[in-house]
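Worksheet for the structure shown next.
2 protein chains.
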Amino acid sequence: MASGEDRLIERYFRPLARDPAALGLSDDAATIKPPAGCDLVLTTDGVIEGVHFFADDPAEAIARKALRANLSDLAAKGAEPIGFLMSLALSAKADEKWLAGFAKGLGGDAETYRCPLLGGDTDRTPGLISVSISAFGALPHGTMVKRAGARAGDLIVVTGSIGDAALGLALRRDPALAGRMRLNEKERAHLAGRYLLPEPRIALAEALREHAHAAIDISDGLAGDLTKLAAASHLSMRVESERLPLSTAAQKMIAADPALLETVLGGGDDYEILAAVPSTALPALQGAAKSAGISLSEIGKVGEGEGAEIIGPGGGAIELLCPSFSHF
Amino acid sequence: MASGEDRLIERYFRPLARDPAALGLSDDAATIKPPAGCDLVLTTDGVIEGVHFFADDPAEAIARKALRANLSDLAAKGAEPIGFLMSLALSAKADEKWLAGFAKGLGGDAETYRCPLLGGDTDRTPGLISVSISAFGALPHGTMVKRAGARAGDLIVVTGSIGDAALGLALRRDPALAGRMRLNEKERAHLAGRYLLPEPRIALAEALREHAHAAIDISDGLAGDLTKLAAASHLSMRVESERLPLSTAAQKMIAADPALLETVLGGGDDYEILAAVPSTALPALQGAAKSAGISLSEIGKVGEGEGAEIIGPGGGAIELLCPSFSHF
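Just so you know, the sequences run in chain order C and R.
The first sequence begins at 1 in the working numbering and counts up by one.
The second sequence begins at 1001 in the working numbering and counts up by one.
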């Protein structure tokens, strides 16, 4: 007699576990033969209802965000995805419809990013829904792009645009804000979408491995993650706020309320990549980014000394009340 | 400025992450070079407050149980532990004292079982405490002991004793039961301890790899997991209840209330290993178990046909209302 968990796995998750390593989710563990000469890169990230997503977010988006947060870590380290394990805590709210949407989102992204579900653990909880994912990637031995490794003189680059997700979250909390900021529907939808569904920069993994000295994925805000990147290399990093890549929606909001620059710099959920790159390698990295359809902006420089600074339009460092986003 | 999460990691978890692969928990991911010629075995298991442990269980025991549940999966597959990732959701209840106890338990077991903390993710939750662990093991290529693979004529063996944890849980829910069953303090403590702290049979991993055709770790009750093991090999498995290894405490409780046999056979949290072994290999496996200080009992046989049966003292199959423990 199959238990409730078995039936749920059979119906929703076994169809996603087509990779031979997953053994059809019918064993106690998955098994992989690591690619020869490769290191494995291991990361874990979880999302919790009411903390990282709203209870009424679409289940499909919750699944995708949970997986993408992990893929973003792999991308920043230069790793190609191999697969993932998932530990799922489901409240009564997670009914058949919710589970069908969740499995659809998860399966779609697993396919898009070639990161198959290898195994998992599913439990009912009297508490909140949570999704913990551990993702695995591979790269040639010794080539992981670390946080440490930047050199004085390196250029600081960032993918995509910064702050959209944090502004999207602000709009989610205060829907009237879009009207006060005179955002058009396209701009509002852009910010909302960037909060709901990050874009892991997996397509840039190989080029980062080849060209970057150090990298981090921006999950807790540019300011805080720049500080971590600088500290890991025991060097200083100085970024010019005027060079930051901002969407037109973000530019409009900051123009209307300059205090929102704090949200842009210190908010979470960007899932862009911040990297230190030697100037000689910048053209090659830019070429790879262009081929991958990912914008790449040079925003600052690595120097001697310690600490991270974001220089405002007036030439002085911008002081942030809360430079790093934390749920604590 | 360090966030609350950073401070917490620094204080409680960085001291546990001494393995070079963990990069001092100061990067986005861990990296390991898999042992040459080996496959990796990947498993994940989570525990949730109020579901898998009681809110007032010692934090030290919660950490150890969470890790040990994963180690038990690795052991059953014949894998040697490499390390683990942990995703932690902490409620307000998880104060400094709780965290210190948790880290102590986790660190102690990571050392005992040579399974270092490689990375993690920590969040505050407005909900219940939960701990999700993904553990990794290694074994020579192609040697993972699967659930499938038993052959007709194989003997069925089980480690340790069965049902103690389920009876320990019953005592936890109804403390007066110990008195009604006339358990002495040693017997009561034995059952309580077996519920609180499973013993992963890691020391038997190599011998299982060498001698077992198929294996599963018993986490949802012998009856249900025997059914899974039989189904995976498309064979029948028949176990004699009189040969089941029962502790003296369990024997006493079943003698007082025969209905408790249902709890013993269908309860959860045994974390013993159930395996199908060719009769020619049994002496070698028994020798290895003896060397490791783990008892091993021959309890039944694999035959043609399908299905799992537990034969009672009268010679007929025992019918269970709920052969497999499920939190659903």
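Even for Gly, the Cβ is constructed at its ideal location relative to N, Cα and C.
The alpha-carbon of lysine 1290 of chain R is positioned some 27 angstroms away from that of glycine 1267 of chain R. For methionine 237 of chain C, no CB of chain R lies under 8 angstroms from its own CB, so it is not counted at the interface with that chain. Look at the stretch 1033 to 1061 of chain R: the residues with a C-beta under 7 angstroms from a C-beta of chain C are Lys1033, Pro1034, Asp1039, Leu1040, Val1041, Leu1042, Thr1043, Thr1044, Asp1045, Gly1046, Ile1048, Gly1050 and Val1051.
The beta carbon of leucine 1260 of chain R lies closer than 6 angstroms to those of Met1253 and Ile1254 in the same chain, with the five residues before and after it left out. Residue C:Pro140 holds the alpha-carbon nearest to the alpha-carbon of glycine 37 of chain C among C:Glu10, C:Pro140 and C:Glu111. As DSSP reads the structure, valine 51 of chain C sits in no beta bridge. When Cβ-Cβ separations below 8 angstroms define contact, aspartate 154 of chain C makes no contact with chain R. One Cα belongs to alanine 232 of chain C, the other to leucine 1285 of chain R, and the distance between them is close to 49 angstroms.
Considered as a whole, the stretch 1077 to 1129 of chain R harbours 1096 to 1112 as its complete alpha helix (DSSP H) runs of no fewer than 4 residues, in chain order. Interface flag for threonine 31 of chain C against chain R is set, since a Cβ pair is found closer than 8 angstroms. With fewer than 16 other Cβ atoms inside 10 Å of its own Cβ, glutamate 185 of chain C counts as exposed.
Note on geometry: alpha-carbon atoms of histidine 190 of chain C and leucine 71 of chain C lie some 21 angstroms from one another. Sixteen is the threshold: when 16 or more other Cβ atoms of the shown chains lie within 10 Å of the Cβ of aspartate 1109 of chain R, as they do, the residue is buried. In the structure shown, the three-state DSSP call for proline 1015 of chain R is helix.
Within 10 angstroms of the beta-carbon of threonine 122 of chain C lie 16 or more other beta-carbons, which makes it buried.
Secondary structure at lysine 1301 of chain R: strand, using DSSP grouped into helix, strand and coil. Between arginine 1014 of chain R and leucine 1025 of chain R, the beta carbon gap of about 5 angstroms places them in contact (Cβ cut-off 8 angstroms). If you look at glutamate 309 of chain C, you'll find it in the beta strand (DSSP E) that goes 307 to 311.
The way I'd put it, the stretch 1232 to 1251 of chain R does touch the stretch 1150 to 1161 of chain R; three or more beta-carbon pairs between them come closer than 8 angstroms.
Taking C-beta atoms under 8 angstroms as the contact rule, alanine 165 of chain C and aspartate 270 of chain C qualify, at a distance of about 6 angstroms. Straight through space, the alpha carbons of alanine 276 of chain C and alanine 215 of chain C are spaced by roughly 6 angstroms. At a Cβ-Cβ threshold of 8 angstroms, alanine 1250 of chain R and leucine 1167 of chain R count as neighbours. The beta carbons of glycine 1137 of chain R and leucine 1074 of chain R sit about 4 angstroms from each other, so the pair counts as a contact at 8 angstroms. Interface annotation, aspartate 1027 of chain R: in contact with chain C, CB-CB separation under 8 angstroms. With respect to glycine 1293 of chain R, alanine 1152 of chain R sits apart: the two C-beta atoms are not nearer than 8 angstroms. Check the Cα spacing between arginine 124 of chain C and each of C:Glu262, C:Glu5 and C:Glu49: the tightest is with C:Glu5. By the rule that beta-carbons nearer than 8 angstroms mark a contact, methionine 1144 of chain R touches chain C. Of the residues C:Asp225, C:Ala76 and C:Arg18, the one whose Cα lies closest to the Cα of leucine 117 of chain C is C:Arg18. Excluding its 5 nearest sequence neighbours in each direction, threonine 1044 of chain R has C-beta neighbours in its own chain below 8 angstroms: Asn1070, Ser1132, Ile1133, Ser1134 and Ala1135, listed in chain order.
Runs of the alpha helix (DSSP H) lying entirely within the stretch 1155 to 1220 of chain R, each at least 4 residues long, are 1164 to 1173, 1177 to 1180, 1185 to 1196 and 1205 to 1211 in chain order. For glutamate 1005 of chain R, the enclosing alpha helix (DSSP H) has its first and last residue at 1004 to 1008. Counting along the chain, the unbroken beta strand (DSSP E) around isoleucine 273 of chain C starts and ends at 272 to 277. Each residue's CA atom was taken as its position, placing serine 295 of chain C and glutamate 1010 of chain R some 35 angstroms apart. In the three-state reduction of the DSSP assignment, glycine 314 of chain C falls in the coil class. For a cut-off of 8 angstroms, the C-beta gap from glycine 1083 of chain R to alanine 1029 of chain R is around 13 angstroms, too long to register as a contact.
Distances from the alpha-carbon of isoleucine 218 of chain C to those of C:Val264, C:Ala178 and C:Leu183 put C:Val264 closest.
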